[in-house]
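**Q** To start, I am sharing the structure in question, which I have written as structure tokens.
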Amino acid sequence: MYIHGKFINEVNDIITVHIVTNNDRTKEIEIGIENVLFADDPVEISNEVNDTFDHLLRSSAKIRLLCREYIPEFFCSSCRDAIVNVYQGERCVFAGFIEPQTFSQSFVQYLDELELNCIDVLSALQYSKYKNIGSLGVIYAIVKNEAQQRSIYDIIMEILDGITSTLDILGTGAVSFLYDGSKAIDSKAVNRYSILSQLSISELLFLGDEEDDVWQQDAVMEECIKYLNLHIAQDGFKFYLFSWETVKSGEAIVWYDLKKKKANAAESYRIVDFSNANVYGTDTTISIGDVYNQLLLTCKIEDVDSIIESPLDDDLLVSPYANMQKYCTEYAADGEGKSAYNAFYAMTHEANTDFGAGSVTNWFLQIMRNSQWSFPVGSLGSTDLISKYASDGLNQQALPNYLANHLGGAIFSMGKIKIESAKDDNAPVSKVDMNNYLVISVNGNGIDNDESKTYPSETAIKAKIPYAVYTGNKVGGVFSPSDNETTNYIVLSGKVILNPTMKMTNTYFTLNTKKWASIFEIGEPNTVYVWYQTVPSRNNGDGRYYTRKYWKAERPNTEEIYDPNTQYGFIPYSGEGPQEYEYKYSAYGESSDKISKVAVLACMLIIGGKCVVEKTPDNDLGTGVPYTGNGWPQDFVWRDYKPRESCASDEEYYQQCFNIGFDPKIGDKLIGTEYSLQGNHDYKIGIDAEGIAIPIKKADKVSGRVQFMILGPVNTVWGEITRRHPSFWRHTKWGTNQIPLLAHVSSIMLKSFEVKVYSDNGLINNNNDDNDVIYMSDTKESFVNRKDDLEFKISSALTSSECQKLGVSNGIKLSTLLNNQTGDGILSIYDYNAKVQDKAERLYVDSYYREYHKPRVLMVQSIKDDGSIDLFTHYRHLAMNREFYIQGIGRNLMEGSAELTIKEIGND
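So the sequence shown is residues 768 to 1675, counted in the numbering used here.
If you want it as structure tokens, here you go:
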């Protein structure tokens, strides 16, 4: 509906009102003609500013009409349903919306008065979440996944453009956004008006951990400009972004148009004396404003601990299946003699045995999905394995069976019930302890003496890159420290297992269905020879008889049945299988432990436009510091990331990676043992963490969105020492005593995997991780009237020396602004009014201390509205000999008066 009308006020100004509801003008009502009239006091605009601590200087309006009929279009379910424009002559004095869900209309008189409560644009921001999350078609998960580092300019202009896109009912194109240039990155003239574009923040700060935590748009706007101690006011279709010091300065203001990106002509300083000629009425309110001799500003810091969601985080794991199900059963009898042989026969033929060294182990499996991770079928962007094999919640065995024969990745929750054949404990098992694993299947074929036949081959490994992709978006922001004395670290931790291929005496199907032949029956039809056909055992030097039986079920809660078609399924890690390839020497002829990493998985970590690259023996990446061979912190270098299309080959692209692995001790077996991820640092680097530490220096300039991929298994060659090729899927040349480890690995299993971030605090230990960052003005008075409710949710970076002075710890902060010019966290800004470069927090405290440490006169004065009133005119009260600036303006458009809320300009 389009409703409009005009009236002439007491001073012969034409006041026009335009209202459009639901962006629909098919129904039109003209006020004064169609049973709708203006009331006696038709339009009143109110100032909603509390004090100068407000950063969004809001206003509201009331429109009063006399109506004969009910007008349902005035009831608005959402804020932007009804747009309101009010003109005084040719000038728009109010543009906003009817406040949602407040309209009511009575039916008592022939013409009943109704009152439309209207709010301006700045007030309307409170009704929408950042990025309009929650509105039709805007999904939180998608928005969060696409969140990035964005400039303050882009953030606030997107908000303002979005809400003002339909604000101008007449379509004059008059909406503009003007900035006074009071704050800048530095004092260089070229940067005078660019600070909003030169500062950026991670959108994740506004999006929170879940949808209920998303900031409202007014909070985003307020925090972005509060950091710069700027204030925004709306005057019709014009939005002014300014500091109070600019308003109080008494100097000409050069407004910079943020949309047109150019400075307007200077608006000269104007001062008006109060006199009988311009004052309206006799009501004047005079008071003394609040006085504070100490101000305390607290920075609410949003710390970052993990840079990605762990794929194995219990809180993020859900299963497409209703429950776990029995996946396989292991039958084992240690020894090679007659007792073990007979016990093994009984086990594989569903008979009883009391053999003391035998066991039957039932393995249970449940496929898990982490919404922040995907496992491509073949290459990046292709179908996710879990979506392909587990989307319908049926046949849970399908995916592990696939991975038993193909390279790939998934998340499994696995647990077991082990029953000893000796039967010396008949207590029922009441619980299956399940553990979460990120599984990378390898399916080595055991052939290590023929490069052409070994599996997985270089080609097979490369064809499946990447194996796991982090698709979430947990953190962004500034990762590099603010000074050269501090080093931040990304630390990867967890457990890793090279799960052995677990040779079997024979398949369960063969053992169960064929006659066990004696030595004299070898080779006869439908027989299998089992005697002495043992496989390695970690508990018995003679080995053991061993096989696996696989199960299937359409649904997890139905009874599993034997699956004769699956004879070589996925192999669980029991911790009881063979351990192979003892680590004996670090170098030829040397028995001391000097090797610190057996590379297992190649990973790619990209933050913004940088990626981590690990040095190789023949490439120090231009650092002049050779590769240690052990994956020490100095072996990792941050380089500009080159996307695949910018690289000449896959070789070049995938060499932008690093490897994770484990650190064996002399005597350890590489395969079949659970290891912690390599600890590549000692206590001297100053972080309380274990794992693979990747340093980030100030010069690295690391900031932005985090991307992480597990590219695939490292094709490590083992001999007296381990070697890897610069291209992780390739192996080095084989020697006569060297083998590819992957040929003897069924899968690589990660457990408790995390990627966290730490800071060494400039090697200063204050034991103050929980302290708030607080800026406080100084005072010498014995009586302190403190204002302590001031808070920044966006803040400056801190150097190690500043952290020490403030008594706080350093680290990665999501709430820290980035200087886009330098790539560092912002340390200071320039205040053109104070002519000083300092931390924004100190400038904020100093500004308000000067404003509030002495009593100031406050006045509310009505004057005649001749159309020349604006926010930046000064007023002088001759009797008091005081000059005032405007905090807010209200208007009674029928009277032709304006109510000014003004405050004394101090001389200090």
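Positions of the beta carbon are idealized from the N, C-alpha and C atoms, including for glycine.
Closer than 8 Å is the cut-off here; do at least three beta carbon pairs connect the segment 1038–1054 with the segment 1616–1628?
**A** Flag = yes, the segment 1038–1054 and the segment 1616–1628 touch.
**Q** Where do the N-terminal and C-terminal ends of the beta strand (DSSP E) with Glu1671 fall, by residue?
**A** First-last of the beta strand (DSSP E) with Glu1671: Ser1664 to Glu1671.
**Q** Could you tell me whether the Cβ atoms of Tyr1619 and Asp1057 are closer together than 8 Å?
**A** Yes, the Cβ-Cβ distance between Tyr1619 and Asp1057 is below 8 Å.
**Q** Which same chain residues end up closer than 7 Å to Thr933 when comparing Cβ atoms and leaving out the 5 residues on each side of it in sequence?
**A** If we look at Thr933 and ignore the five residues flanking it on each side, its Cβ neighbours are Asn790 and Ile850.
**Q** My understanding is that Glu970 touches Ile900, with C-beta atoms under 8 Å, so please give their C-beta distance in whole angstroms.
**A** Glu970 to Ile900, Cβ: 11 Å. No contact.
**Q** Go ahead and pull the three-state DSSP assignment for Ala1369.
**A** Strand, per DSSP.
**Q** So within the segment 973–1044, which uninterrupted beta strand (DSSP E) runs reach at least 3 residues, ignoring any that extend past its ends?
**A** Fully enclosed beta strand (DSSP E) runs of 3 or longer: 998–1002, 1005–1009 and 1038–1040.
**Q** With a threshold of 6 Å on Cβ separation, who are the neighbours of Thr1096 within its own chain once the five nearest residues in sequence on each side are excluded?
**A** Excluding residues within five positions, the ones whose Cβ falls inside 6 Å are Asn1129 and Lys1316.
**Q** Taking Cβ positions, are Arg825 and Ser890 nearer each other than 8 Å?
**A** Yes.
**Q** Could you tell me which residues DSSP puts in a beta bridge with Val1522?
**A** Its beta-bridge partners are Leu1259.
**Q** What three-state label does DSSP hand Pro1507 in the structure shown?
**A** Three-state result, Pro1507: strand.
**Q** Below 8 Å on the Cβ atoms is my guess for Asn1482 versus Ile1286; work out the distance and round it to an integer in Å.
**A** Not a contact, Cβ separation roughly 41 Å.
**Q** So is Arg847 buried or exposed if we call it buried at 16+ other beta carbons inside 10 Å?
**A** Buried is the call here.
**Q** Would you check if the distance between the CB atom of Ile1438 and the CB atom of Leu1265 is smaller than 8 Å?
**A** The answer is yes: Cβ separation under 8 Å.
**Q** With a threshold of 7 Å on Cβ separation, who are the neighbours of Tyr1299 within its own chain once the five nearest residues in sequence on each side are excluded?
**A** Cβ within range, chain order: Glu1103.
**Q** For Glu1012 versus Ser949, is the C-beta distance shorter than 8 Å?
**A** In contact: Glu1012 and Ser949 (Cβ atoms closer than 8 Å).
**Q** Could you say which of Asp1633, Ile1653 and Leu963 lies nearest to Ser1664 if we only look at CA atoms?
**A** The shortest Cα separation from Ser1664 among Asp1633, Ile1653 and Leu963 belongs to Asp1633.
**Q** With a cut-off of 8 Å on the beta carbons, I'd call Ala1369 and Cys1424 a contact; round off their distance for me.
**A** Confirmed, about 5 Å.
**Q** Alpha carbons only, please: which of Ile800, Leu972, His1511 and Thr931 is nearest the one belonging to Lys1560?
**A** Nearest of Ile800, Leu972, His1511 and Thr931 to Lys1560, Cα basis: Leu972.
**Q** Under the assumption that Leu1478 contacts Tyr1421 (Cβ atoms under 8 Å), give the Cβ distance between them as a whole number of angstroms.
**A** Indeed, because the Cβ distance is near 6 Å, the residues count as touching under 8 Å.
**Q** Cα-Cα, which of Ser1635, Val1540, Ile1184 and Gln1588 is closest to Tyr1098?
**A** Of Ser1635, Val1540, Ile1184 and Gln1588, the residue nearest in Cα terms is Ile1184.
**Q** Do you know how far the Cα of Gly1017 is from the Cα of Gln1061?
**A** The alpha-carbon atoms of Gln1061 and Gly1017 are separated by roughly 27 Å.
**Q** Using 8 Å as the threshold, is the C-beta distance between Leu883 and Leu833 below it?
**A** No, Cβ-Cβ distance for Leu883 and Leu833 is not below 8 Å.
**Q** Assuming Gly1125 contacts Met1114 (C-beta within less than 8 Å), just tell me the rounded distance between them.
**A** Right, the Cβ-Cβ distance comes to about 7 Å (below 8 Å), so this counts as a contact.
**Q** By DSSP, does Met1114 sit in helix, in strand, or in coil?
**A** Helix at Met1114.
**Q** Could I get the ranges of all uninterrupted beta strand (DSSP E) runs contained in the segment 785–853, with 3 residues as the minimum, in chain order?
**A** Runs of the beta strand (DSSP E) inside the segment 785–853: 795–797, 803–814 and 826–834.
**Q** Give the list of continuous alpha helix (DSSP H) stretches no shorter than 4 residues that lie fully inside the segment 1135–1171.
**A** Entirely contained in the segment 1135–1171, the alpha helix (DSSP H) runs reaching 4 residues are, in chain order, 1152–1157 and 1165–1170.
**Q** Roughly how many angstroms lie between the CA atoms of Gln1334 and Phe1276, to the nearest whole one?
**A** Using only the alpha carbons, I get a separation of about 7 Å.
**Q** So is the beta-carbon of Gly1102 under 7 Å away from any non-hydrogen atom of the ligand NAD?
**A** As far as ligands go, the structure on display features none, and thus does not contain the ligand NAD.
**Q** So, is Thr1668 buried or exposed, given that buried needs 16 or more other C-beta atoms within 10 angstroms?
**A** Buried.
**Q** Considering only the alpha carbon of each residue, which of Gln893, Pro1303 and Gly1160 lies closest to Ala986?
**A** Selected option, being the one with the closest Cα: Gln893.
**Q** Could you work out which residue in Arg1472, Val1484, Gln1654 and Leu1083 is closest to Glu913 when comparing CA atoms only?
**A** Cα-wise, what sits closest to Glu913 is Arg1472.
**Q** From the DSSP output, in three-state form, read off Val1612 for me.
**A** Residue state, collapsed to three classes: helix.
**Q** State buried or exposed for Asp1200, treating a residue as buried only when at least 16 other CB atoms are found within 10 Å of its CB.
**A** Asp1200 comes out exposed.
**Q** Whether or not the segment 1222–1239 and the segment 1572–1586 are in contact is what I'm after, with contact meaning three or more pairs of Cβ atoms, one per stretch, closer than 8 Å; do they touch?
**A** The answer is no - the segment 1222–1239 does not touch the segment 1572–1586, with fewer than three Cβ pairs under 8 Å.
**Q** Taking only runs that begin and end inside the segment 1530–1610, name each unbroken beta strand (DSSP E) of 3 or more residues, in chain order.
**A** Here the runs fully enclosed are 1540–1543, 1553–1559, 1596–1598 and 1603–1605.
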